[in-house]
Amino acid sequence: MTVGRGRREEELPGRGSGIHVGGNNNAPIQNVAGQNISHVHQHAPVQGAVDIEAVRGLLTSFRAEIDRNEGALDHAAALRAMTNTVDASLSAPDPQARAGALRGVVQALPALVAGTVVEQGGEALVHAIAGWLS
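Last residue of the sequence shown: 135 (the numbering used here), numbering continuous.
Below, the structure is given as structure tokens:
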């Protein structure tokens, strides 16, 4: 009778040499030297957690960012027009018209701010509007 190792254990699918932090953790991952090794950001749903005053505050901050960085922005006029749309929509009496205009801004604004100095403020405004609409 031959004695030896039995059948090889197959590796479970999904197991690898990568680091798994579980859940929706999107914080920057660093190696032991403290260098960032990925572009991952923390994300949490904000459904129902945003009120209209928070959106107005972010809108005011975003407008100030646009004004401060106007020279570095290719689409400053379009960004201002979007902020005017948001402002008018927040004051609109018809909830359906308001939601339609704001959804348009939520879809279009990220592309206009991507890679610009106002990206962070624009993304914050988009997330706040989306949270307020939900």
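By construction, the Cβ of each residue, glycine as well, lies at the ideal position given by its N, Cα and C atoms.
All figures in this text were calculated on a predicted structure; none of them were measured in a lab.
Among Asp95, Trp133 and Ser92, whose alpha-carbon lies nearest the alpha-carbon of Glu107?
Checking the sequence shown, residue 107 turns out to be Val, not Glu. Of Asp95, Trp133 and Ser92, the residue nearest in Cα terms is Trp133.
Spatially closest choice to Gly116 from Thr84, His76 and Asp95, by CA coordinates
Measuring from the Cα of Gly116, the nearest candidate turns out to be His76.
Distance between Val118 and Asn70 (C-alpha atoms, nearest Å):
7 Å
Can you check whether the CB of Leu103 is closer than 8 Å to the CB of Val114?
no
Reduced DSSP secondary structure (H/G/I, E/B, other) of Gln94:
Per the sequence shown, the amino acid found at residue 94 is Pro instead of Gln. If DSSP states are grouped into helix, strand and coil, Pro94 belongs with coil.
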